[in-house]
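Everything in the first sequence is counted per this note's numbering, starting at 523 for the first residue and increasing by one. Every residue gets a Cβ at the ideal spot worked out from N, C-alpha and C, and that includes glycine. Have a look at the structure below before the remarks.
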Amino acid sequence: MSDEKLELSAPDRPRVRLAPSPTGPLHIGTARTALFNYLFARQSRGTFVLRIEDTDHERSKKKWEKDILKYLAWLGLDWDEGPDKGGSFAPYRQSERVDIYTPYIKQLLDQGQAYYCFCTKDELAAQKEYQASIGEPPRYIGRCRNIDPKEAQARLKRGESAVIRLKVSSDKVISFQDQICGQTDFNSSELGDFIIAKNLKEPLYNLAVVVDDYLMKITHVIRGADHISNTPKQILIAEALGLPQPQYAHLPLVLSPNRRKLSKREEVVAVSDYYQQGYLPQALVNFMILLGWNEGTDREIYSMDELVEKFSLDKVQRSGGIFDLKRLNWMNGYYIRQESLPVLTQMCIPYLIKSGHLEEIPNGSKKYRIKETKEIVSLGYLGKVIGLYQERLKVLSEIPELVDYFFKKEVKYQPTLLIWKDKDKKEIKNALNRAIKALSGLKRDWTLEKINEALLGAADEIGDRGTLLWPVRAALTGKENSASPFDVAYVLGPEKTIRRLERAAKLL
RNA sequence: GGCCCCGUCGUCUAGUGGUUAGGACACCAGGUUUUCAACCUGAUAACGGGAGUUCGAUUCUCCUCGGGGCUACCA
């Protein structure tokens, strides 16, 4: 135990971080970034740090932080250091680190690498508009750049509002080797003197990130490609501060079917929503990793352990990928089919309770009550019900609708549902009566095998099996599509089965 | 507009200086002792375009076109 800790914090092992802003529920894109970081850390036996970037007080909310932690954990992406776990570099919430940044900002100011800017927002906006009109990149022209620091202090004392900008020398090429995108170059002229802090106590994102990554000894910054244009700014800040630079790896973006960045309005982006709809974490993980990474083979299915073993940054795709819900659904179905029935049953029960089909029995027994009929059912029974649909399920939340006929006194349907193809009522009624007769003899011997035998025997006497099997199934389930009549009859039991068949025969 | 990134079936992708350009999802057809699902089989389907290098380019180079990202006193 202690050995392992020591090893994890060994200086030569990579340290990566996920730095989400708690301004909304855990986003599927953030979860994917987390997954890449997690795999990289686990594979290299490094450390995965979770740092909450909540310096934007207006938009950051505690409940979102909770949501982020909860669903990262649910996906199995556990972190080694974080706000809830602590660690050698605590605190892990930027809002609790505000004092840490002050000396760094001061240092830049004292060294003349940063300065106070008194330009108003209106002035800046006008300038930007002008620059856009003549086709120049919008950047600060440096009006306050040469204000004497003493004068700046005096103006500050007088109560003038100001921000702090970094002095960026023009025409300098900033380049870095991105682990995914390769060599990437920027010209400092496009950046201008950008703002690094509102004041000594309020650093802005780019500065806070650089300082935190340095202090937390982050070796690899693995993040979404939407951050690529922040990278030169962060490099400049690190250089000004004399800090070492981490390795960068920018992940391709996840796109909507319309090829845009995944949007909250058009798509389901909250991991919590996927959880609620009944997606399995394994499926989500497997799906997310394949969206942007491929081992170099045809393989599609990977467990987390296998991913930890096989993952590598150089096999990460460079182009963005579209989030294809159908593919996720297929994969979720696959993982549902892999699940053992008792486990699947446990996973489905909450959905049956939520839909009002089932009630928990307070004393904590392993039984449930069917709300409509007040019958008490066992886990074994529910397992049989759900087992009928294991291969049909795509998401868990589909289950109540699929199996509702097991939880109702009577099933409702249009009598025409009973009609198979072009048969007439008389034929169907006759078939139903034959089925009733065949099953009635079985009451004490209600096994799948016998039911099969009885029903098939009766059906064959008629000739076209569908003439009997279709109405039997429809009468039992009230549905156009369902599990097979044999299975349904077996699980339903003799009384209900025969009652439903008799009722159907009367409808015709 | 400026800067940056990207470009193989509808989608996720494999792949190579010479391949019948492979797989998976989706779609379609057939099979699978009633339906649906699952499963099996099969079909349709791609190297954005133009130059150049080369005996030969999907592959290398350039241009172009297209798509996306960023462009805050947000992160």
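DSSP bridge partner residues for residue i (one or two, in chain order)
| i | result |
| --- | --- |
| Arg745 | His772 |
| Tyr856 | In DSSP, Tyr856 forms no bridge with anything. |
| Tyr1031 | Outside the shown range of the chain, which is 523 to 1030, sits residue 1031, and nothing can be said about it. |
| Arg615 | Ile574 |
| Asn851 | Beta-bridge pairing links Asn851 to no other residue. |
| His549 | Ala792 |
| Ser697 | Asp707 |
| Val538 | Phe570, His742 |
| Tyr593 | None, per the DSSP bridge assignment. |
| Glu603 | Val571 |
| Asp667 | In the sequence as displayed, the identity of residue 667 is Arg instead of Asp. In the DSSP output, where bridge partners are listed per residue, Arg667 has none listed. |
| Ser900 | Lys889 |
| Ile844 | Leu777 |
| Asn721 | Glu724 |
| Val830 | Its beta-bridge partners do not exist; DSSP assigns none. |
| Lys783 | Leu777 |
| Trp815 | Val838 |
| Leu880 | Ile892 |
| Gly963 | Gly963 is not bridged to any residue. |
Nearest-angstrom Cβ-Cβ length linking residue i and residue j, presumed shorter than 8 Å
| i | j | result |
| --- | --- | --- |
| Leu775 | Lys783 | 6 Å |
| Lys517 | Gly855 | Outside the modelled stretch of the chain, which goes from 523 to 1030, sits residue 517, for which no answer is possible. |
| Ala1031 | Leu812 | Nothing in the structure corresponds to residue 1031, since the chain is present only between 523 and 1030. |
| Gln767 | Ile759 | Not really, about 10 Å apart at Cβ, beyond 8 Å. |
| Leu961 | Ile1020 | 6 Å |
| Arg677 | Phe640 | 6 Å |
| Lys931 | Thr989 | That pair is no contact at about 28 Å. |
| Ala1005 | Leu991 | About 12 Å; that fails the 8 Å criterion. |
| Pro660 | Lys650 | 4 Å |
Same chain only: Cβ atoms within 6 Å of residue i, ignoring 5 sequence neighbours per side
| i | result |
| --- | --- |
| Pro1016 | Lys965, Trp968 |
| Phe833 | Leu561, Gln565 |
| Lys495 | Nothing about residue 495 can be reported from this structure: the residues present for the chain run from 523 to 1030 only. |
| Tyr1012 | Leu970, Ile973 |
| Ile750 | His772 |
| Pro542 | Thr552, Ile590 |
| Leu722 | Thr624, Ile627 |
| Ile740 | Arg537, Arg539, Pro768 |
| Ser524 | Low confidence applies to Ser524: its pLDDT is 39, below 50, so where it sits in the model is not reliable, and the reading given next is rough at best. No residues qualify anywhere along the chain. |
| Glu881 | Arg891, Lys893 |
CB of residue i within 8 Å of CB of residue j, strictly
| i | j | result |
| --- | --- | --- |
| Leu591 | Asp606 | yes |
| Glu603 | Phe611 | yes |
| Leu557 | Leu599 | yes |
| Val807 | Met826 | yes |
| Leu977 | Ala957 | yes |
| Arg667 | Ala636 | no |
| Pro544 | Glu580 | no |
| Ser710 | Ile696 | yes |
| Tyr927 | Thr819 | no |
| Ile574 | Arg615 | yes |
| Ile1032 | Gln912 | Outside the displayed range of the chain (523 to 1030) lies residue 1032, so it cannot be described from this structure. |
| Tyr593 | Ser887 | no |
| Ala674 | Tyr626 | no |
| His742 | Gln705 | no |
| Pro864 | Gly814 | no |
| Phe716 | Tyr662 | yes |
| Arg995 | Pro1007 | yes |
| Leu918 | Asp1009 | no |
| Gly1090 | Thr569 | Outside the shown range of the chain (523 to 1030) lies residue 1090, about which nothing can therefore be said. |
| Ile744 | Asn728 | no |
Contacting residues, own chain, Cβ-Cβ under 7 Å from residue i (five flanking each side not counted)
| i | result |
| --- | --- |
| Lys972 | Leu964 |
| Ala1026 | Leu940, Leu954, Pro993, Ala997 |
| Leu1030 | Pro937, Leu940, Lys947, Ile950, Lys951 |
| Glu658 | none |
| Pro922 | Tyr873, Leu874, Ser877, His879 |
| Ser862 | none |
| Gly546 | Trp586 |
Residues of its chain near residue i, where Cβ-Cβ distance is below 8 Å and the 5 sequence neighbours each way are ignored
| i | result |
| --- | --- |
| Leu850 | Tyr801, Ala805, Leu806, Phe809 |
| Ala730 | Glu575, Thr577, Gln616, Arg619, Tyr623 |
| Glu983 | Arg956 |
| Gln798 | Ser919 |
| Ser841 | Pro774 |
Residue i beta carbon near the ligand NAD (any heavy atom closer than 7 Å)
| i | result |
| --- | --- |
| Ile921 | The model depicted lacks the ligand NAD and carries no ligand whatsoever. |
Evaluate the contact criterion for the region 869-877 versus the region 730-750: three or more CB pairs, one atom per stretch, below 8 Å. At 8 Å Cβ cutoff, the stretches do not touch.
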